[in-house]
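Take a look at the structure below.
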Amino acid sequence: MSNATNPIILIPARMASTRLPGKPLADIGGLPMIVHVLNRARESGVGRVVVATAEEDIKAAIEVAGGEAVLTDPAHASGSDRIFEALAAVDPDGRHDCVVNLQGDLPTLDPALIAGVAACLVGMGTDMATLVAPLAPPSSGVDEWGDPNVVKAIVDFDDGPDAVAADFRRTPDAADRHRAYHHIGIYAYTRDALARFVALPPGVRETTEKLEQLRALEAGMTIAARRVDTVPVGVDTAEDLEQARKILNADN
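Taking my numbering, the leading residue of the sequence shown gets 909, the next gets one more, and so forth.
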């Protein structure tokens, strides 16, 4: 069992999205998208929530919504680097020992998934934890197996919903089809693991496959996975944004 008992949720957000510039402040039902993500994090009941951003506009939007935000270096190459800086700024005494890295483009996320990834980390006692869901079946007409943009987690589950991930690949071997799952990019780290991870140089496979989590595996770190039913809608394009608006409008 992990000894992590005091989680914090950190949400990295920046305006410089290549496919949908300014998306954290995109309006969804009268609220910026990043505020919807803040609300999903609050609803999870996991713990303190802080948005780590490079821009004053995002920080201001969070504070108007009664949330907590911290400015970070705009030059960070990844969300993990951004949340590590934010963690040191908001918790210099090290009170938070479990860190959930929640993407800022998941406004329709079920809050239970946030609680689930934190519980997986604690229950499995690994360095990190993440989420996976079954790949879309062939009957859906969507070829997730053959799509390199859908990252596949290779996991052998037994009876329960949690197991240690063996690998992450964009194009798995055919023999792995029965144990390949759609990877959902939400992570929980022990505080020590996050510090170790951001200090590591990029790994060989990470550089080749453009998958940051492979850095951890190449360094011998362990990543647990929790199996969930569905993949949350991420907002990367204008079409995704319209879909999120429809979902949240229907919920209201």
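A virtual CB, placed ideally from N, CA and C, is assigned to each residue, including glycine.
Could you give the residue range of the beta strand (DSSP E) that holds Lys1060? Residue numbering aside, residue 1060 sits at position 152 when the sequence shown is read from its first letter. Counting along the chain, the beta strand (DSSP E) containing Lys1060 begins and ends at 1060-1063.
Restricting to Cα atoms, I'd like to know which of Arg1134, Cys1006, Asp1084, Asp1051 is closest to Ile1092. Taking the first residue of the sequence shown as position 1, residue 1092 is located at position 184. The residue with the shortest Cα to Cα distance from Ile1092 is Arg1134.
Do Arg1077 and Lys1060 have their C-beta atoms within less than 7 Å of each other? Residue mapping note: residue 1077 aligns to position 169 of the sequence shown, counting from 1. Residue mapping note: residue 1060 aligns to position 152 of the sequence shown, counting from 1. In this structure, Lys1060 lies closer than 7 Å to Arg1077 by Cβ.
CA-CA distance, Gln1121 and Ser1047? For the purposes of this step, residue 1121 is identified with residue 213 of the sequence shown, where counting begins at 1. For the purposes of this step, residue 1047 is identified with residue 139 of the sequence shown, where counting begins at 1. Straight-line spacing of the CA atoms in Gln1121 and Ser1047 works out to 30 Å.
Beta-carbon within less than 8 Å of Asp965's beta-carbon, same chain only, minus the 5 sequence neighbours each way: which residues are those? Here residue 965 corresponds to residue number 57 of the sequence shown, with the count starting at 1. Excluding residues within five positions, the ones whose Cβ falls inside 8 Å are Met923, Leu933.
Neighbourhood of Met909 by C-beta, 6 Å cutoff - its chain only, sequence neighbours within 5 removed: Within the sequence shown, the letter at position 1 stands for residue 909. Annotation note: pLDDT 39 at Met909 (below 50); position unreliable, no value reported.
Starting from Ala985, trace the alpha helix (DSSP H) both ways and give me its first and last residue. On the sequence shown, residue 985 is found 77 positions in, with the first residue counted as 1. No alpha helix (DSSP H) holds Ala985; DSSP gives it neither H nor E.
Excluding the 5 residues preceding and the 5 following Pro1019 in the sequence, name in chain order all residues of the same chain whose CB lies nearer than 6 Å to its CB. As a position in the sequence shown, residue 1019 is number 111, starting the count at 1. Contacts found: Arg948, Glu951, Ser952.
Between Ile916 and Val958, how many whole angstroms is the CB-CB distance? I'm expecting something under 8 Å. For the purposes of this step, residue 916 is taken as the residue at position 8 of the sequence shown. For the purposes of this step, residue 958 is taken as the residue at position 50 of the sequence shown. So it is a contact: roughly 7 Å between Cβ atoms.
Use the C-beta contact count for Arg990: other C-beta atoms within 10 angstroms, 16 or more gives buried, fewer gives exposed. Position 82 of the sequence shown holds residue 990. Within 10 angstroms of the beta-carbon of Arg990 lie 16 or more other beta-carbons, which makes it buried.
Reduced DSSP category for Ala1026 - H, G, I as helix; E, B as strand; rest coil: Taking the first residue of the sequence shown as position 1, residue 1026 is located at position 118. Three-state result, Ala1026: helix.
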